[in-house]
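So in my numbering, spot 269 of the sequence shown is number 269, and the numbers just go up one at a time.
Contents: one structure, followed by commentary.
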Amino acid sequence: MDRIPENVTPTATMSPSSRMLSPRSPAKMLTDTLIMLLPWSIIAALLWAAFFIKPQPVGETVQPPVLERRDQYYGLASNGDKGLWLAGSGGKIVALSPNGDTRLLASGTSKSLQDIATWDTTHGIAVGNDGVIITTGDGGQTWVPTTNAPRSEVANKLVRVRVAADGVAWTVGEMGALLHSSDYGKQWERRRPEEDNAWNDLALLGDGQIWVVGEFGQMLYSSDNGQTWTEHKSEVESSLMAVAFRDPLNGMAVGLEGVVLVTRDGGQSWQSADSGVAVHLFDVVWDAAHASWMVAGDQGVWLRADAEVSDMRHGRFDSHDMSWHTRALPTPEGTWFAGANVGLWANERWSPVGNHAPQPTN
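Right, dumping it as C-alpha cells:
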C-alpha cells in the first residue's frame with residue numbers, strides 16, 4: 001500500500017455533532033423579519049394614501065375658447081350697439097361685441113337652438129329642438145324657458161323666430177307649427193292646425209300681412225295677422241328655406257337646390273330667377289344700406305342681387321372653406337354669416353371670427 005505523502009494532511013472526518021447548523025444571531029433574525037414585513041408595509045402605505053390623501057391640482061385650469069371648432073350656429077341677431085348674439089348647438093348663446101370680444105351667455109338649456117331674435121338690447125328670444133323657447137328681459141343675463149307653448153305628440157323642432165314691435169313674436173317649425181305671442185314670448189297660441197308639414201320661415205310685412213314658406217315649395221299668406229290663411233303652391237318642388245321682403249310688393253324666397261323665387265306684386269305671383277348655383281340656399285336678407293339682396297348657402301356659397309334681381313352674382317367666401325351658413329345679417333360694416341363658422345363678409349373679403357378661422361394653407 002502506497003504511503004500518503006508527508007506534505008499532505010489527511011482530511012479529518014466530520015463528526016455528526018459538527019454537522020448541526022449554528023444558531024442565528026439576533027441581528028440576522030431582525031433583518032429577516034424586516035424583509036418579510038417590507039411588502040406588507042408598502043401595501044399598507046398605498047392603501048392609506050388611497051383613502052386619506054386627496055390629490056390637489058397643480059397649475060391653472062385650461063378654459064376652452066368661447067367659440068369652438070365643433071360649434072354650429074344656426075341663429076344670428078343684432079343686439080344694437082352692443083354687437084351680435086349667436087345661437088346654436090348644445091343650447092349655446094354667444095355675445096359678440098363690436099370690438100370682437102366673445103362672451104358665453106347662460107341659456108339654461110342643452111337643446112340645440114335653431115334661431116334667435118331681439119326686440120331691443122334688453123328683450124330677446126331663442127327657439128330650437130324639441131320645442132324649446134327661452135326668453136330674456138335683462139339683456140341676456142338670464143334666460144327663462146316657456147312651458148305653455150302648444151306641442152305636437154310627433155315632432156316639435158322650431159326652426160325660425162321673427163319679432164315685431166310691442167312684444168310680438170312668431171315661430172315656425174315641424175308638424176305645421178305656426179305659433180304666435182304678443183307678450184315677449186311668455187304666452188303662445190297656435191294660429192294654424194297641426195299638419196304633417198314643416199314651415200321653415202316667415203316674413204312680417206306689417207298691417208297684418210304675413211308670408212310663410214315651407215317644404216315642397218308650399219307658401220301661406222295672411223292679410224289679417226294670421227286669423228285666416230291662403231295657401232299658395234309655387235312652381236317649384238324644392239323646399240323653401242327663407243323669405244324676405246324689401247317693401248310690401250318686392251320679395252324673395254330661396255330654397256334647396258339653388259332655388260330663387262321673386263315677386264314684384266306683393267306675392268300674387270312668384271317667378272323663378274336663375275341663381276347660377278345648384279347648392280342649397282338657406283337664408284335671404286335685404287341689405288338696405290347697400291340696396292341689395294344677400295343669400296347664405298351651402299359649401300361656402302354667397303349670392304348678391306340688385307333690388308330688381310336683374311343682376312345676380314355668386315361666389316365663395318374662401319376657396320379653402322366649404323362651410324355652410326344658415327343665417328345672414330346685414331350691418332353697416334358688412335354682412336354677417338353664421339353656420340358651421342361665423343364671419344363678416346365686407347368689401348369682397350371674408351373675416352372669420354375666433355376659433356372658427358380656417359387654418360393657413362400651403
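Backbone N, C-alpha and C fix where the C-beta goes; we use that ideal spot for every residue, glycine too.
In this structure, the beta-carbon distance from V301 to V279 falls below 7 Å. One alpha carbon belongs to T109, the other to L38, and they sit about 55 Å apart.
Within the same chain, and ignoring the five residues on either side of V212 in sequence, the residues whose Cβ sits closer than 6 Å to its Cβ are W199, L202 and L220. When the beta-carbon positions are compared, S239 and E215 come within less than 7 Å of each other.
With at least 16 other beta carbons inside 10 angstroms of its own, A87 counts as buried.
A distance below 8 Å between beta-carbons, with the five flanking residues on each side excluded, links A291 to the following residues of its chain, in chain order: D306 and A307.
In this chain, the beta strand (DSSP E) harbouring Y73 covers Y73 to S78.
Counting only unbroken stretches of 3 or more residues, the beta strand (DSSP E) elements lying wholly within the segment 187-242 are 199-206, 209-214, 218-222 and 230-233, in sequence order. Per DSSP, I134 is one residue of the beta strand (DSSP E) stretching across I133 to T136. For S107, the closest C-alpha among the options G100, Q268 and W85 is that of W85. Where Q114 is concerned, the enclosing beta strand (DSSP E) starts and stops at L113 to T118. Rounded to the nearest whole angstrom, the CA to CA distance from A155 to Q218 is 19 Å. Just so you know, the alpha carbons of V259 and G139 end up roughly 37 Å apart.
With contact defined as three or more Cβ pairs closer than 8 Å, the segment 46-55 and the segment 332-342 are not in contact.
In the three-state reduction of the DSSP assignment, H290 falls in the helix class, which pools H, G and I.
With a threshold of 16 other beta carbon atoms within 10 Å, L249 falls short and is exposed. Of the residues M29, G315, A289 and D311, the one whose Cα lies closest to the Cα of Q299 is G315. In this chain, I53 is not harboured by any beta strand (DSSP E), its DSSP state being neither H nor E. A buried status is given to K157, since no fewer than 16 other beta-carbon atoms sit within 10 Å of its beta-carbon. The continuous beta strand (DSSP E) containing T331 extends over residues H325 to T331. For T142, there is no enclosing beta strand (DSSP E), as DSSP gives it neither H nor E. In the three-state reduction of the DSSP assignment, S89 falls in the helix class.
When DSSP states are grouped into helix, strand and coil, M29 belongs to the helix group. For H180, the enclosing beta strand (DSSP E) has its first and last residue at L178 to S181. Taking a C-beta distance under 7 Å as the contact criterion, G128 and L104 do not qualify as a contact pair. Annotation: the continuous beta strand (DSSP E) that includes L158 extends over L158 to A164. For T335, the enclosing beta strand (DSSP E) covers residues G334 to G339. Out of Q72, R190, A296 and F245, the CA that lies nearest to the CA of W170 is found in R190. Here DSSP, grouped into helix, strand and coil, assigns D283 to strand. The three-state reading of DSSP puts W270 in coil, since its state is none of H, G, I, E or B. A straight line joining the alpha-carbon of W188 with that of V62 spans about 42 Å.
Shown here for Q209: same chain residues with a beta carbon closer than 6 Å to its own, the five before and five after excluded, namely S223 in chain order. A distance below 6 Å between beta-carbons, with the five flanking residues on each side excluded, links P330 to the following residues of its chain, in chain order: V285 and D287.
The beta carbon of D265 sits closer than 7 Å to the beta carbons of L249 from its chain, once the five residues preceding and following it are set aside; these are given in chain order. The C-beta separation of F282 from G267 comes to about 21 Å, leaving the pair out of contact by the 8 Å criterion.
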